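Undergrad: Below is the structure I would like to discuss, written out as structure tokens.
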Amino acid sequence: MGKRIKRRQKIEKSTITVDLGLEKSYQIDAPTGCGLLIGKAHGIGARSRQQDSFGVSEMNVDNIEEKGILAVLADGMGGMADGEKASMAAVISCLNYFETHEIGENAREDLIAMAENVNVEVREVLGESGGLSGSTLVVVFVRDKELHWVSVGDSRLYLYHDGKLEQLSRDHNYAAVLQEKVEAGELTQEEAWNDPQRNALTSYIGIGRLEKIDSGDTGMALFEGDRILLMSDGIYNTLTEEEIIESMQYGVGKSMMHLEMQVKGRKKKNQDNYTAVLLEIE
0 MGKRIKRRQK IEKSTITVDL GLEKSYQIDA PTGCGLLIGK AHGIGARSRQ QDSFGVSEMN
60 VDNIEEKGIL AVLADGMGGM ADGEKASMAA VISCLNYFET HEIGENARED LIAMAENVNV
120 EVREVLGESG GLSGSTLVVV FVRDKELHWV SVGDSRLYLY HDGKLEQLSR DHNYAAVLQE
180 KVEAGELTQE EAWNDPQRNA LTSYIGIGRL EKIDSGDTGM ALFEGDRILL MSDGIYNTLT
240 EEEIIESMQY GVGKSMMHLE MQVKGRKKKN QDNYTAVLLE IE
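Residue numbers for the sequence shown follow numbering that gives the first Met the number 0, beginning at 0 and rising by one.
Following this line, the structure appears as structure tokens:
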């Protein structure tokens with residue numbers, strides 16, 4: 000097993016270490032007694048660039064007890080290196096914000112403010128290329144066994160509880176708009192499935208004005224054995240829900256290994272970058 004590789008990036012004169020998941024390990028070191036086990040799966044697929052990024056806030060018991068823990072996943076979009084730049088900037092911006100701001104009693108509003116700040120900072124990082132690129136974003140905040148979250152784009156957040164997988168976030172893409180038209184009788188299901196624009200994002204980090212932000216209305220109580228799963232579309236567009244549930248039958252590290260093995264086992268010629276971050280409540 001190789002040595003974990005970390006990089007430092009700078010935004011607004013503040014630096015923070017982000018684990019890019021380059022080591023082929025499926026579990027992130029978490030201190031004993033922090034109340035969480037953390038796993039990851041991260042691969043480039045059949046693409047020439049890795050445009051998925053993820054990060055987890057500082058891992059020590061005192062910090063987790065005082066501030067909680069933040070986990071972030073971002074899936075870059077656009078051509079050339081801009082998608083990678085956008086997703087990395089989004090992750091670093093979130094972790095910097097968490098490091099320098101307090102998430103108070105109204106965690107939902109604080110996380111929405113974080114997402115809006117990330118949007119501004121990513122646009123500044125992208126500069127003139129901003130119109131060509133951007134990133135999805137899904138952020139989870141856990142404190143005292145209570146879950147708060149925010150998402151933009153179509154990276155997903157799931158809760159695995161009692162053998163069942165529930166998607167908490169809503170996709171910000173044209174497919175969701177098309178489905179609403181199907182339900183209103185304005186389109187047939189076949190027309191919706193065949194629309195060439197169905198995968199286009201309707202909200203993303205780096206957009207001019209961030210009008211669509213999804214979040215939980217209130218904190219969600221978590222129980223021992225519950226799992227929180229952040230996932231890019233490179234996984235959920237490759238695997239069925241049943242296959243993802245199958246991977247959840249193991250320990251955290253082995254679950255992530257099994258998830259990756261399933262993705263690779265499909266041998267898709269156009270396999271997208273894929274990333275999952277898993278938090279299990281102890």
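In this text, a Cβ means the ideal position worked out from N, Cα and C, and glycines have one as well.
The structure displayed is predicted, hence computed values, not measured ones.
Drop a sphere of 10 angstroms on the beta-carbon of Gly42, count the other beta-carbons inside from all chains shown, and report buried for 16 or more, exposed for fewer.
TA: Its Cβ being crowded by 16 or more others within 10 Å, Gly42 is buried.
Undergrad: Please give me, in chain order, every unbroken run of the beta strand (DSSP E) with length at least 3 that falls completely inside the segment 83-131.
TA: For the segment 83-131, not a single whole beta strand (DSSP E) run of length 3 or above is found.
Undergrad: Can you name the residues that DSSP bridges to Gly184?
TA: BP columns for Gly184 are empty, so no partner.
Undergrad: Reducing DSSP to helix, strand and coil, say where Ile43 ends up.
TA: In this structure, Ile43 counts as coil in the three-state DSSP scheme.
Undergrad: Between Arg155 and Phe140, what straight-line distance do the alpha-carbon atoms span, to the nearest angstrom?
TA: Cα to Cα, the separation comes out at about 15 Å.
Undergrad: Just to confirm the assignment, what range does the alpha helix (DSSP H) spanning His257 have?
TA: Note, His257: alpha helix (DSSP H), Val251 to Arg265.
Undergrad: Could you tell me the distance, in whole angstroms, from the CA atom of Lys253 to the CA atom of Tyr25?
TA: C-alpha separation (whole angstroms): 7 Å.
Undergrad: So the beta strand (DSSP E) Ile63 belongs to, where does it begin and stop?
TA: First-last for Ile63: Val60 to Lys66, but that is the alpha helix (DSSP H), not the beta strand (DSSP E).
Undergrad: Determine, using beta carbons only, whether Glu279 and Arg197 come nearer to each other than 7 Å.
TA: Cβ atoms of Glu279 and Arg197: not closer than 7 Å.
Undergrad: Put Ala175 into one of helix, strand or coil per three-state DSSP.
TA: Here Ala175 sits in helix by DSSP.
Undergrad: Taking contact to mean 3 or more Cβ pairs, one atom from each stretch, closer than 8 Å, check whether the segment 180-193 and the segment 236-256 are in contact.
TA: The answer is no - the segment 236-256 does not touch the segment 180-193, with fewer than three Cβ pairs under 8 Å.
Undergrad: Of all the options Gly133, Asp170 and Asp143, which has the alpha carbon lying nearest to the alpha carbon of Ser150?
TA: Taking only the C-alpha atoms, the option nearest Ser150 is Asp170.
Undergrad: Tell me, please, whether the segment 169-183 touches the segment 58-71 by the rule of three or more beta-carbon pairs shorter than 8 Å.
TA: The answer is no - the segment 58-71 does not touch the segment 169-183, with fewer than three Cβ pairs under 8 Å.
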